[in-house]
Amino acid sequence: MTRKKRSSRRDNKWNQMRDGLTNLSTAKGVEARETVPDIACGKCKNFSESPYASDGRGSCSVVKTGSDFTVDPPLILLEGDTGMMCMFNMDAAKCSHFDLMDIIDTDGNECADPQFRRAQRQMEKAMS
Amino acid sequence: MATTAKEIKEFEEKQEWWWVAEKTRSSRLDYLRKAVWKKGALGGNYAPGIEIDLEFPELYTETWQENEGDPIMLRKAKSIGNVLENLPIFITDQSQIVGCVGSAPHNIVSYWQGASMINEEIYNEQGILPQPEEKSLERLAALNEYWGGNTALDELAKVLDPEDAVKFMSGAIGWGTPSSAVGYATKDFRHIGKGFENIIEEIDENMERTDKLLRGNPSPDLLPLYDKLPRWEAMQEVLDAAIEYAARYARLARIIAENFETDPKRKEELLRIAETCERVPAQPPRTLQESIQYDHFVQVVVRYETYEGAMPHRPDYLHGPFFDKDVNINKSITRDDALDLLGEHLIRTYEIGIFSPRWTREGLQGITGTWVWTMGGVNEDGTDACNDCTTAYMQVARLVRIANPTFSFRWHPKVKDELMREIFECIRHGLGYPSLRNDPILVENAMYWHGHPLREARQWVTQSCMSPCPPTKYGCQPFRMASATANCAKIVEYTLHNGYDNVVNMQMGPKTGNAVDFKTYDEFFEAWTKQMKWLLNILVRTVALGRAKDPEFFSRPILSAYYERAVETGTDAVDYTNGERGNAWVTAFTWVENADSLAAVKKLIYDDKKYTMAELIEALKNNWDGKEEMRLDFVNNAPKWGNDDDYVDDIMVQCLKTTAAHGKEIKCVCGNNIPILPENVSGNIHYANVVSALPNGRRLGDALYDGGISPGPGLDKKGPTAVLKSCGKIDHVLDGRAFLLNQRLSPTQLAGEKGYQLWKSYVKSWDDLGMDHVQFNMVDDSTLRAAQKDPEKYQEVIVRVAGYSAHFVDISRKTQDNIIQRTVQGLG
Numbered sequence: 001m002t003r004k005k006r007s008s009r010r011d012n013k014w015n016q017m018r019d020g021l022t023n024l025s026t027a028k029g030v031e032a033r034e035t036v037p038d039i040a041c042g043k044c045k046n047f048s049e050s051p052y053a054s055d056g057r058g059s060c061s062v063v064k065t066g067s068d069f070t071v072d073p074p075l076i077l078l079e080g081d082t083g084m085m086c087m088f089n090m091d092a093a094k095c096s097h098f099d100l101m102d103i104i105d106t107d108g109n110e111c112a113d114p115q116f117r118r119a120q121r122q123m124e125k126a127m128s
Numbered sequence: 001m002a003t004t005a006k007e008i009k010e011f012e013e014k015q016e017w018w019w020v021a022e023k024t025r026s027s028r029l030d031y032l033r034k035a036v037w038k039k040g041a042l043g044g045n046y047a048p049g050i051e052i053d054l055e056f057p058e059l060y061t062e063t064w065q066e067n068e069g070d071p072i073m074l075r076k077a078k079s080i081g082n083v084l085e086n087l088p089i090f091i092t093d094q095s096q097i098v099g100c101v102g103s104a105p106h107n108i109v110s111y112w113q114g115a116s117m118i119n120e121e122i123y124n125e126q127g128i129l130p131q132p133e134e135k136s137l138e139r140l141a142a143l144n145e146y147w148g149g150n151t152a153l154d155e156l157a158k159v160l161d162p163e164d165a166v167k168f169m170s171g172a173i174g175w176g177t178p179s180s181a182v183g184y185a186t187k188d189f190r191h192i193g194k195g196f197e198n199i200i201e202e203i204d205e206n207m208e209r210t211d212k213l214l215r216g217n218p219s220p221d222l223l224p225l226y227d228k229l230p231r232w233e234a235m236q237e238v239l240d241a242a243i244e245y246a247a248r249y250a251r252l253a254r255i256i257a258e259n260f261e262t263d264p265k266r267k268e269e270l271l272r273i274a275e276t277c278e279r280v281p282a283q284p285p286r287t288l289q290e291s292i293q294y295d296h297f298v299q300v301v302v303r304y305e306t307y308e309g310a311m312p313h314r315p316d317y318l319h320g321p322f323f324d325k326d327v328n329i330n331k332s333i334t335r336d337d338a339l340d341l342l343g344e345h346l347i348r349t350y351e352i353g354i355f356s357p358r359w360t361r362e363g364l365q366g367i368t369g370t371w372v373w374t375m376g377g378v379n380e381d382g383t384d385a386c387n388d389c390t391t392a393y394m395q396v397a398r399l400v401r402i403a404n405p406t407f408s409f410r411w412h413p414k415v416k417d418e419l420m421r422e423i424f425e426c427i428r429h430g431l432g433y434p435s436l437r438n439d440p441i442l443v444e445n446a447m448y449w450h451g452h453p454l455r456e457a458r459q460w461v462t463q464s465c466m467s468p469c470p471p472t473k474y475g476c477q478p479f480r481m482a483s484a485t486a487n488c489a490k491i492v493e494y495t496l497h498n499g500y501d502n503v504v505n506m507q508m509g510p511k512t513g514n515a516v517d518f519k520t521y522d523e524f525f526e527a528w529t530k531q532m533k534w535l536l537n538i539l540v541r542t543v544a545l546g547r548a549k550d551p552e553f554f555s556r557p558i559l560s561a562y563y564e565r566a567v568e569t570g571t572d573a574v575d576y577t578n579g580e581r582g583n584a585w586v587t588a589f590t591w592v593e594n595a596d597s598l599a600a601v602k603k604l605i606y607d608d609k610k611y612t613m614a615e616l617i618e619a620l621k622n623n624w625d626g627k628e629e630m631r632l633d634f635v636n637n638a639p640k641w642g643n644d645d646d647y648v649d650d651i652m653v654q655c656l657k658t659t660a661a662h663g664k665e666i667k668c669v670c671g672n673n674i675p676i677l678p679e680n681v682s683g684n685i686h687y688a689n690v691v692s693a694l695p696n697g698r699r700l701g702d703a704l705y706d707g708g709i710s711p712g713p714g715l716d717k718k719g720p721t722a723v724l725k726s727c728g729k730i731d732h733v734l735d736g737r738a739f740l741l742n743q744r745l746s747p748t749q750l751a752g753e754k755g756y757q758l759w760k761s762y763v764k765s766w767d768d769l770g771m772d773h774v775q776f777n778m779v780d781d782s783t784l785r786a787a788q789k790d791p792e793k794y795q796e797v798i799v800r801v802a803g804y805s806a807h808f809v810d811i812s813r814k815t816q817d818n819i820i821q822r823t824v825q826g827l828g
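Chains as they are written, first to last, in the numbering used here: chain D, 1 to 128; chain Y, 1 to 828.
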């Protein structure tokens with residue numbers, strides 16, 4: 001008889017998000033780090049940068065935790081009380097909710113508004 | 001062309017104190033002041049020319065990789081040793097104090113062992129990469145890939161409760177990194193002052209004694225001893241490396257003196273630098289120069305171990321006896337010579353530059369760490385500890401006019417009038433420091449909250465910006481508070497929105513119920529209390545685990561060598577089982593919004609019933625859009641803190657007492673209590689776009705209030721006495737710890753003797769009301785507005801931000817405006 005898996009609060013959305021937090025910066029090499037796709041999360045109105053870290057991580061106000069753009073077709077969840085964690089240079093080409101933001105603040109001198117700030121060096125290049 | 005006394009007088013009359021400083025300081029100080037690089041971020045970005053040091057992390061990582069099998073502290077000690085023994089060093093022209101954090105004067109450093117997200121932020125950062133950029137990117141990518149997923153914070157995130165980890169790192173509810181990778185530690189200067197070679201000998205004795213025990217009768221008691229040996233070895237390794245680091249400066253100074261220097265006076269100075277570095281830190285200092293050099297080496301060396309973001313310290317107490325001996329007794333140097341040394345001490349400290357993640361840069365604009373030096377105060381026996389060196393530091397601060405370090409002055413009733421005049425001069429010259437700290441109140445506070453014995457409490461230093469901590473064997477705190485900083489405006493925000501955060505799109509706080517259903521203010525306050533407890537608990541839980549795991553994930557060999565209790569027990573300084581008494585607190589950013597918002601809800605929703613809760617929540621969710629009239633009603637017709645109005649002041653006191661009661665329920669890792677410490681640095685600007693609209697009339701994006709108990713800018717309408725009376729209703733011992741109060745005074749009104757007497761009367765009222773802190777900005781609006789228009793001309797204007805000072809031109813426009821908006825109080 002297969003042992004029934006015990007419920008674990010560690011095997012839930014928080015765990016997925018925690019993993020998202022620690023695994024977001026997995027870019028390898030210079031090229032992957034330097035690439036900002038034409039349709040990137042950082043260019044979307046729904047992306048809000050994390051006030052905690054400015055490596056470019058943030059969360060989506062529409063797409064929820066558990067979504068996955070890397071599978072085909074993409075898995076997009078719209079229910080839940082935690083937004084999906086993403087990076088400014090994450091490819092959002094498969095996201096049906098991508099909504100291009102008109103004003104992107106790449107100047108880091110003023111204090112930031114997480115909704116509009118994208119002060120990473122790569123974003124400054126991508127927006128110029 | 002020499003400046004005439006008449007010209008200086010004119011600058012004084014125009015209150016252009018920066019020109020007075022430039023024209024009256026020694027040529028050496030003038031050169032050194034102008035030669036030092038500005039390393040604090042300008043708002044959120046670093047100044048042009050500032051570069052991240054890549055030599056340091058590469059040297060560190062190289063040895064780290066070679067010693068994979070070693071216990072962490074020994075592995076780390078060897079890595080630091082490689083850095084101290086091989087990183088390029090330099091001696092600045094005309095300087096007499098040596099040692100720098102980084103391999104070049106324009107460099108800032110970072111610690112790749114700390115946090116992957118900071119490492120990646122450095123990679124992504126604008127403008128700080130050494131040229132050629134392509135090569136730097138390759139070097140950075142290589143470092144990041146080695147450390148990625150393996151830093152102290154990565155390791156901690158794996159063991160934290162996932163919900164706690166996500167919410168803590170959301171950036172919405174708090175600040176800080178729960179690791180000593182980013183923090184600050186009190187230093188045990190009495191122990192450090194023995195000299196590093198003597199500490200090495202103590203460790204030798206401990207190791208010999210332990211070796212003997214390990215060869216004796218077997219016992220479970222022996223088992224922990226095996227782990228102590230490599231820790232002691234690690235402490236010796238870093239102390240030896242620090243001695244070698246100093247010796248390298250000695251050799252460099254001799255080489256320059258004997259081979260290149262043609263000026264006989266400078267040659268003599270270089271040889272004195274060499275002799276000094278051959279003496280300290282290996283042996284205890286004998287002269288003022290040796291004492292300052294020793295102190296500076298202690299501070300520099302520990303910053304090759306970690307981001308030490310503060311400088312808990314009593315330099316006048318430490319260097320005072322040497323100052324007195326050299327200047328007043330032996331007369332081996334003149335007072336002007338001594339001022340040059342003290343002035344350079346300030347400049348060399350200003351030179352320390354550490355990369356800060358953006359949230360820290362925004363919260364500490366214009367500086368690289370809160371180097372708040374503690375001055376004055378009392379001795380262990382309660383006698384006045386102020387000395388000639390205290391006076392000299394005040395005088396030289398006005399000459400060099402740097403914004404970091406700043407001074408926190410431990411005021412007590414025995415302080416002499418002459419010294420008070422020196423302090424007032426610093427404030428009048430617009431430095432924004434020293435802040436005044438009420439010594440008897442804070443000694444009592446340290447005893448009440450953490451049980452520090454009287455003689456130890458009397459030795460307290462400012463741990464960071466504000467909190468007192470005794471720098472004693474069992475009083476020293478190795479880990480910032482530990483790192484819990486709460487964005488307290490979220491308490492009232494979550495009370496209104498059932499715990500949901502609309503900025504970071506997450507259910508953050510507990511679901512305390514739909515506020516529309518609260519029938520009474522008491523029900524509303526009950527929900528507020530639940531949100532407050534949740535906020536403190538999640539932050540303290542997270543940092544407590546970070547603290548407990550720190551010796552395993554990060555490790556502090558240098559700090560351990562600096563702590564008598566760690567040397568004695570063969571433990572990591574951060575290990576909470578080695579006898580530390582515990583001195584933790586939770587910094588309460590954006591605190592006063594709670595009192596003003598609760599008062600507005602009580603008055604306009606529950607008492608006057610002018611609006612319904614549903615209307616208010618709707619208006620807040622829409623950021624008051626289309627409800628300007630209603631918003632202004634909440635701004636103007638709800639009572640505001642700081643006007644001696646019991647309606648709102650009672651709410652403030654109720655909030656504090658409720659929180660203090662919870663502070664007595666929760667414990668730090670040492671088992672001690674945790675008070676809140678209301679202050680803001682420039683977190684009020686950083687959080688402006690993170691805190692939603694509030695019932696005090698604030699909109700998302702508006703700056704939050706600037707102080708810990710300062711009234712909202714422009715909302716204190718009844719003058720300075722009313723502000724003091726409101727603040728005086730707080731029990732500054734029982735209700736928390738160290739309540740930051742910003743006050744703006746008029747430089748015109750406070751000119752001359754009359755101005756001094758007015759200020760002194762103000763200080764008396766402040767003391768009579770039992771308050772523990774106050775700091776002053778005394779630069780008029782016209783100067784600040786002129787500096788906004790023409791920053792090049794006003795590079796040296798300094799302002800008190802909150803808990804620290806900064807050059808006005810180095811802070812963001814929003815922060816500048818926030819300072820200008822603060823009410824200028826007329827005294828008398």
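C-beta: ideal position from N, C-alpha, C; glycine also.
Predicted, not measured: the structure shown is a model, and the values here were computed from it.
Item	Value
Span of the alpha helix (DSSP H) holding residue 728 of chain Y?	719 to 728
Report the three-state DSSP secondary structure of residue 787 of chain Y (helix, strand or coil).	helix
Roughly how many angstroms lie between the CA atoms of residue 88 of chain D and residue 775 of chain Y, to the nearest whole one?	41 Å
Would you mind telling me which residues of chain Y sit closer than 9 Å to residue 48 of chain D, beta carbon to beta carbon, in chain order?	503, 504, 505
Quick check for students: name the residue ranges of the alpha helix (DSSP H) that lie wholly in the segment 291 to 325 of chain Y, counting only runs of 4 or more.	315 to 323
Quick check: is the beta carbon of residue 586 of chain Y nearer than 8 Å to any beta carbon in chain D?	no
Where does residue 452 of chain Y fall in DSSP's three states?	coil
Out of Y:267, Y:244, Y:246, which one is the CA nearest neighbour of residue 255 of chain Y?	Y:267
Using a threshold of 8 Å, state whether the C-beta atoms of residue 525 of chain Y and residue 598 of chain Y are closer than that.	yes
Taking 8 Å as the threshold (beta carbon to beta carbon), is residue 29 of chain D in contact with chain Y?	yes
Closest to residue 419 of chain Y by C-alpha separation, out of Y:385, Y:391, Y:441, would be which residue?	Y:391
Flag residue 113 of chain D as yes if its beta-carbon sits less than 8 Å from any beta-carbon of chain Y, otherwise no.	yes
Decide if the segment 201 to 218 of chain Y is in contact with the segment 614 to 624 of chain Y; the criterion is three or more beta carbon pairs, one per stretch, under 8 Å apart.	no
Check whether chain D comes within 8 Å of residue 690 of chain Y, counting only Cβ atoms and requiring the distance to be less than that.	yes
Distance check for residue 96 of chain Y and residue 262 of chain Y, CA to CA, integer angstroms please.	17 Å
Residue range of the beta strand (DSSP E) that residue 743 of chain Y falls in?	742 to 745
Looking at the strands, I want to know which residues DSSP matches up with residue 775 of chain Y.	Y:742
Classify residue 524 of chain Y as helix, strand or coil using the three-state DSSP reduction.	helix
Would you mind sorting residue 103 of chain D into buried or exposed? The rule is 16 or more other CB atoms within 10 Å of its CB.	exposed
Within 8 Å, do at least three Cβ pairs link the segment 448 to 466 of chain Y to the segment 496 to 503 of chain Y?	no
I'd like to know if residue 685 of chain Y contacts chain D, where contact means its C-beta is closer than 8 Å to some C-beta of that chain.	yes
From the beta carbon of residue 540 of chain Y, is the nearest beta carbon of chain D less than 8 Å away?	no
Which residues in the same chain as residue 199 of chain Y place their Cβ atom closer than 7 Å to its Cβ, once the five residues preceding and following it in sequence are excluded?	239, 561, 567
I think residue 63 of chain Y touches residue 78 of chain Y, with their Cβ atoms under 8 Å apart; what is that distance to the nearest whole Å?	5 Å
Can the beta-carbon of residue 60 of chain D be found closer than 8 Å to that of residue 80 of chain D?	no
Could you name the residues of chain D that residue 123 of chain Y contacts, counting a contact when the two beta carbons are closer than 7 Å?	33
By the criterion of Cβ-Cβ separation under 7 Å, what are the contact partners of residue 182 of chain D in chain Y?	This structure cannot speak to residue 182 of chain D, because chain D is shown only from 1 to 128.
If you run the structure through DSSP and keep just helix, strand and coil, what is residue 686 of chain Y?	helix
Below 8 Å on the Cβ atoms is my contact criterion, and I expect residue 559 of chain Y with residue 185 of chain Y to pass it. Report the Cβ-Cβ distance as a whole number of Å.	5 Å
Bridge partners for residue 500 of chain Y per DSSP, in chain order?	Y:507
When DSSP labels each residue in this structure, what does residue 473 of chain Y get in the three-state scheme?	coil
Give the DSSP bridge partners of residue 108 of chain Y, in chain order.	Y:52
Using the three-state DSSP reduction, which class does residue 84 of chain D fall into: helix, strand or coil?	strand
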